[in-house]
Structure formats: structure tokens, C-alpha cells
Amino acid sequence: MTLSMKSVQPFAPMAKPPPEPLCQRRSTLSMKTAQPTRVTRAPSKWVIDSEGHQTQPPLSRLGKRWKEYHGSKNWEGLLDPLDDGLRDEIIRYGSFIEAAYKCFDSNPPSPSYSTRHVTDSKVDDSGYRVTKNLYATSSIPMPSWVRGIGERSSWIGYVAVCEDQNEITRLGRRDIVISLRGTGTCLEWLENLRATLTRCPFNNKLSNGQHDTPMVESGVLSLYTSSTSVCQSLQQSVTDELLRIVDTYGDEPLSVTITGHSLGASLAILAAYDIKNTIKHALHLSVISFGGPRVGNRSFRHNLELQGTKILRIVNSDDLITRVPGFFVEDHDDVAKKQKPRMEHLPSWIQKCVNDKRWVYANIGHELRLSSRASLKLNSIDVATCHDLKTYLHLVNGFVSSSCPFRASARMMLNKASTVPPT
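Residue numbers (the numbering used here): 2 to 424.
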């Protein structure tokens, strides 16, 4: 049984980009219920060397460069212009989030509202199998009789492991994906409004004379760490499952890729920070996020960098969600120039809040910055459309470089230039 392809986004877009083929190996992923007899692909073809011995086939281009594509060199030289191999990887991981959206029931009257999940399934045609369903729990108390709002725990995503040998060879390692959807329930929206910073409870390591306390958004931390008597926290589910997978495949090259959109992007960064502190196995851990709001302060970012956690943050300049929360924002350039937020003209009570570090957020990770206005196929530039995951994948697919922001635009410019009569 194939589930519906309709995506559930945090907003209902007024206009979506028209369908177009994505420049990657697979454009979309779909969840299918596994059959009793699982059909696997044929094993990789062996190569016979000059002495007649069988050897594994040579690594693909992706297999050779996957660490670069996942931030081993901080994506230097890969983002502007956008490397085609990295483009394919970004779109591929975006498809894992699309699969999470279509498996989520966001209709409050539905009996499976917020609890629908993947059962005994695989991510079709990807070589990955879902091994764990993940739930996020809100700590906001609500009366149980309030249908929909009162559902404290909701299905938020899944863990999937690459099990197809052909795909493992192509990727150059066995990959573990943690895919997290965006805001989809009333309580999640309420948690998003809890935008003040609170102390990060995980193991924190400060150095270089930095005395700031690592702090993260209150609502995101609540959704990550809260649990009920019948539902363990997202934090516990993720760490338990990764420990189990590492115990199973620990002798192989492993990578963990956490990908999320909107709220899922914030949870992905928090999960990455926690996993690095909890699991001591030599995992290559990276985050590929889409349309994520800010999640922590400068000290939190500093600790992420000390860990070696690699974060690629894909941002649409026209997406308002990526500019919140935080009345004041510190960036890497501000730290280098030793600049502080300018607030002399503000009322004293706001200055006090800033001094308490409850509203001073920091931009985290390396950015791939896109713009809806660069696409000639988007006929609406509104909050919903700019934040839609499909818009992000459309923009990634078309982006060339900062000087030539969209391939369709480049083709039009070339066509126009070729039709100008010679002087």
C-alpha cells in the first residue's frame, strides 16, 4: 500500500512551484509497507583484477567525496557555485523529510491525528529501511478533553538505516538518517512561541575564556526532552536507537545525517549536539536543515564547533521563519569584530532582558542562501510559499551561484543574448 504523496507543511502555501525534474538520482522518496517477503537488489558486481582475484568495485564519485559533501572541509568551495554532487545530496535528504510529511496525519478530526507513523516499512527505492519511529512531547499542560490540542505526544519523524549493498557502495559508507518534520500540531505551535533562551542541560565544554552559558530555545528543548508515562522523549528514542545501530554495525564506516525542515531543523541541531556528547563512537555527524529558525546563543554555537559537528543551513532569504526568534542576533562576523548588539536607544527593561541573554540568538552553521525572487517559476512570494519545503527543493535544484542565482534565469539571459542582432 502506497501512502498519499500530499505533503503536510507548517503553512498551507498559496502557490507552489510547478513540478519539474530534479537534477538528482531520485527526485522523491515514498513510504511503502514492507511485504512479507522482502525483495532486495542484486549484490554489487565484483571486479576481477589482473591476478584473477575478486575485488569490490571502485568507489563512485559520491563515495570518494561524501565527507566533503557532509562538511569535513566546511563546504569550502562547494556552495558558491553550488557543486552538482552536493546539490544531489541536499535534494536527496530533502526527500527524506518529504516522506516524513506524507506519513503524518495533521487532520484533528482524524482518529490517527498526530499519532500516525510508519509501521514495518522502508523508504522506497532508496535502499534505506525505517528502524524507529520518533515522537516529540510537549510539556505544556492542556486539558485532555480538548481534542487535538490535548495530544501531548505526536509523531515527528523516523530513523532509517541504509541496508542495500549497492547503495552502501555508492555512498561510500553505511548511512543513518534521522528525518524530522516541521510544526504540525497546536501544541507544537505553542511551544514555538516559547522563544526565550534557557540553559542547555547537556554536557557543555567552554574554552578560550568564554564564560557565557550555552542556551537554547525553551520550546524546542521542551519538545526534545519531555516524555510521558507511555511515550519516551525524543532525546531518549534517538540515543537508544543510535546506540543499538552502532552496536550492530560498529565495525563498518558509519555516518549519521540529521535532516529537518522548520521545527525539525531546530530539533536536528539540538539532537546533533546531544548525540556528540552521548555517543562516543567515531561517527561522522552532520546536519542538513531547511528553513530552520534560530535555536541557540553564541556559546551554544561555540560548543557545537568544539565538537566538530557539521551543520549546513539552507536558507531562503525571503523566508521570515529563518529570521526568528531573537530580537538581537550575533553572527560570526560580529564575534570576529568584537561587536555587541546595539541597544543604547532601547528601554531599560529590554536592555535587562538582553543582558540576561534570553533574547540574544546566534546564527549557527554554514549557510547556503537562496532567494524565491530568483526563480521565474514562483508566481507568489508570500510567507507560506517561501517557507514550503517544496519551494526549498525547487530553489536548490535551480541555484547556480550568487552571481547567477537560478539556472532558468541563466538560460533566458543566454537566449536573449543570442537573439540580439549584431551591431
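We put the beta carbon where it would ideally sit given N, CA and C, even for glycine.
{"Asked": "Looking only at its chain, what residues have a beta carbon closer than 8 Å to the beta carbon of V401, apart from the 5 residues adjacent to it on each side?", "Found": "P82, L83, F407, R408 and A411"}
{"Asked": "Would you check if there are 3 or more beta carbon pairs closer than 8 Å linking the segment 300-319 to the segment 169-176?", "Found": "no"}
{"Asked": "Measuring only the C-alpha atoms, how far is F105 from Y70?", "Found": "29 Å"}
{"Asked": "Does the segment 126-135 come close enough to the segment 222-241 to have 3 or more Cβ pairs within less than 8 Å?", "Found": "yes"}
{"Asked": "Buried or exposed: where does E253 fall if 16 or more other Cβ atoms within 10 Å of its Cβ makes it buried?", "Found": "exposed"}
{"Asked": "For E164, which option in G158, I177 and S155 has the closest C-alpha, if you only look at C-alpha atoms?", "Found": "I177"}
{"Asked": "Relative to the alpha-carbon of I382, which residue among S140, L321 and I157 has its alpha-carbon at the smallest distance?", "Found": "L321"}
{"Asked": "Give me the Cα-Cα distance between R182 and S223, rounded to the nearest whole angstrom.", "Found": "16 Å"}
{"Asked": "With H, G and I counted as helix, E and B as strand and the rest as coil, what does DSSP make of R171?", "Found": "helix"}
{"Asked": "Just checking my contact of V288 with I259 at CB under 8 Å: how many whole Å lie between their CB atoms?", "Found": "5 Å"}
{"Asked": "Determine which residues share a DSSP beta bridge with F291 and list them.", "Found": "H262 and I315"}
{"Asked": "Taking 8 Å as the cut-off, decide whether the C-beta atoms of E189 and S139 are in contact.", "Found": "yes"}
{"Asked": "Distance check for V160 and T249, CA to CA, integer angstroms please.", "Found": "15 Å"}
{"Asked": "Can you give me the start and stop residues for the alpha helix (DSSP H) that S96 sits inside?", "Found": "D85 to K103"}
{"Asked": "Between R200 and G220, is the Cβ-Cβ spacing less than 8 Å?", "Found": "no"}
{"Asked": "Quick one: give me the first and last residue of the alpha helix (DSSP H) that T132 is part of.", "Found": "Unbroken run through T132 is the beta strand (DSSP E), Y129 to T138; no alpha helix (DSSP H)."}
{"Asked": "What first and last residue would you give for the alpha helix (DSSP H) that runs through L222?", "Found": "S219 to T226"}
{"Asked": "Just curious, the alpha helix (DSSP H) that S300 is in, first and last residue?", "Found": "R299 to Q308"}
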